[in-house]
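Numbering (this note's numbering), first residue to last: 10 to 398.
As structure tokens, the structure follows; a few thoughts come after it.
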């Protein structure tokens with residue numbers, strides 16, 4: 010009869026051994042990359058845009074040439090929304106034009122160790138394109154990528170290259186009407202494309218952290234769809250803004266036309282800006298448009314045209330005291346006619362007193378009174394000189 014020890018050893022030797030799982034296979038690629046092609050017909054005419062149109066919609070644009078095939082559309086998804094040393098761009102979406110259409114390429118680092126390889130690939134791509142197009146990239150995307158490249162010993166000066174930041178260009182046209190000018194709002198109100206089931210940008214960082222914990226790549230699919238639409242919208246919005254400055258008279262909203270005209274006047278495109286303001290003459294923004302138009306004439310010392318506009322505003326009861334004051338300055342300093350200047354200054358005072366009380370109106374009233382008193386002293390001195398002679 011076998012002893013207890015022998016029986017226990019027999020049972021132990023016959024027990025199935027625990028099966029060890031093999032280690033996961035090594036990742037074949039240094040980072041994840043996905044590519045789509047968008048037909049040119051879906052991009053609103055991006056290939057027709059010109060350097061002159063770009064400079065019109067973005068006067069600070071520093072590029073000396075513009076070719077749609079030299080553009081790199083860029084958008085990042087990051088681990089934080091406020092930047093800082095701990096923020097990483099875990100996904101970078103880029104778009105560039107080819108004969109097939111716009112290639113949208115999305116790079117994702119599946120863990121922190123893939124950042125250097127992903128940024129190296131991006132740096133090589135940047136060398137092939139002369140101009141970057143982004144949305145708020147000047148303040149966020151490009152400084153972040155450049156700092157991460159420095160951390161990874163990559164010498165790439167991203168912030169020095171020609172850059173069209175569509176956030177600022179879109180605000181110049183649409184802020185007066187839309188107030189909010191984020192990309193999703195512009196897509197809906199301007200491009201006529203409302204997103205459905207889109208992942209809010211505020212949730213993007215947490216999605217990536219959840220993916221790192223679980224390894225479930227499906228968690229990032231919503232992020233990739235969100236980023237893909239962002240990159241496509243960059244090309245569509247660029248084409249749309251250039252078309253706006255190509256034919257501003259076709260704008261359907263007065264606020265947009267006024268904003269375009271104001272931008273054109275500020276950037277020295279005087280005749281185009283004046284044309285916008287003249288179109289607005291009969292609309293709800295007519296008073297503001299006429300004041301801008303008169304100011305343009307004043308800056309160019311086209312005095313007869315400026316006087317006509319100021320007098321027309323007074324006849325219409327527009328602009329409050331401002332057209333009276335403008336005429337008072339004109340008659341005093343250009344025509345040297347103190348009597349007519351005094352009459353206009355008194356008109357300004359009457360207009361100001363009739364619209365009081367208005368916050369800040371006291372300072373304007375005091376300034377007008379001082380102007381009247383100065384003109385009265387000047388007239389009195391002139392009268393005295395005439396009597397002595």
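Don't be surprised by glycine CBs; every beta carbon is placed ideally from N, CA and C.
With a threshold of 16 other CB atoms inside 10 Å of the CB of residue i, please say whether the residue is buried or exposed.
{"i": "residue 121", "result": "exposed"}
{"i": "residue 378", "result": "exposed"}
{"i": "residue 70", "result": "buried"}
{"i": "residue 159", "result": "exposed"}
{"i": "residue 46", "result": "exposed"}
{"i": "residue 347", "result": "buried"}
{"i": "residue 42", "result": "exposed"}
Can you tell me whether DSSP reads residue i as helix, strand or coil?
{"i": "residue 360", "result": "helix"}
{"i": "residue 31", "result": "Reliability of the predicted coordinates at residue 31 is poor, the pLDDT of 49 falling under 50, and no value is obtained from them."}
{"i": "residue 118", "result": "coil"}
{"i": "residue 239", "result": "helix"}
{"i": "residue 391", "result": "helix"}
{"i": "residue 201", "result": "coil"}
{"i": "residue 109", "result": "coil"}
{"i": "residue 233", "result": "helix"}
{"i": "residue 330", "result": "coil"}
{"i": "residue 26", "result": "Low confidence applies to residue 26: its pLDDT is 46, below 50, so where it sits in the model is not reliable, and the reading given next is rough at best. In this structure, residue 26 counts as coil in the three-state DSSP scheme."}
{"i": "residue 318", "result": "helix"}
{"i": "residue 190", "result": "coil"}
{"i": "residue 45", "result": "strand"}
In whole angstroms, give me the CA-to-CA distance for residue i and residue j.
{"i": "residue 425", "j": "residue 132", "result": "Missing from the structure shown is residue 425; the chain here goes from 10 to 398 and no further."}
{"i": "residue 324", "j": "residue 247", "result": "42 Å"}
{"i": "residue 117", "j": "residue 102", "result": "9 Å"}
{"i": "residue 299", "j": "residue 65", "result": "22 Å"}
{"i": "residue 260", "j": "residue 235", "result": "29 Å"}
{"i": "residue 7", "j": "residue 213", "result": "This structure cannot speak to residue 7, because the chain is shown only from 10 to 398."}
{"i": "residue 319", "j": "residue 166", "result": "50 Å"}
{"i": "residue 303", "j": "residue 75", "result": "34 Å"}
{"i": "residue 222", "j": "residue 140", "result": "37 Å"}
{"i": "residue 175", "j": "residue 239", "result": "12 Å"}
{"i": "residue 3", "j": "residue 219", "result": "This structure leaves residue 3 out entirely; the chain is present only between 10 and 398."}
{"i": "residue 380", "j": "residue 373", "result": "11 Å"}
When the Cα of residue i is compared with those of the options, which residue comes out closest?
{"i": "residue 85", "options": "326, 374, 233, 179", "result": "233"}
{"i": "residue 119", "options": "359, 311, 38", "result": "38"}
{"i": "residue 99", "options": "108, 216, 203", "result": "216"}
{"i": "residue 55", "options": "135, 252, 161", "result": "252"}
{"i": "residue 137", "options": "256, 210, 80, 189", "result": "80"}
{"i": "residue 327", "options": "290, 68, 351", "result": "290"}
{"i": "residue 360", "options": "331, 153, 391, 312", "result": "331"}
{"i": "residue 256", "options": "44, 104, 61", "result": "61"}
{"i": "residue 146", "options": "129, 170, 134, 128", "result": "170"}
{"i": "residue 168", "options": "177, 153, 161, 176", "result": "153"}
{"i": "residue 197", "options": "211, 242, 144, 162", "result": "242"}
{"i": "residue 172", "options": "115, 144, 179, 226", "result": "144"}
{"i": "residue 115", "options": "128, 364, 44", "result": "44"}
{"i": "residue 205", "options": "211, 199, 193", "result": "193"}
{"i": "residue 295", "options": "322, 341, 188", "result": "322"}
Do the segment 219-231 and the segment 177-185 touch if we need at least three Cβ pairs shorter than 8 Å? Judged by Cβ distances under 8 Å, the segment 219-231 makes no contact with the segment 177-185, as fewer than three pairs qualify.
Does the segment 103-114 come within contact of the segment 260-273, defined as at least 3 CB pairs closer than 8 Å? Contact between the segment 103-114 and the segment 260-273 is absent: fewer than three C-beta pairs spanning the two stretches fall below 8 Å.
Inter-stretch contact at 8 Å, needing at least 3 Cβ pairs: the segment 307-318 / the segment 335-343: Taking 8 Å as the limit for Cβ pairs, the verdict is that the segment 335-343 does touch the segment 307-318.
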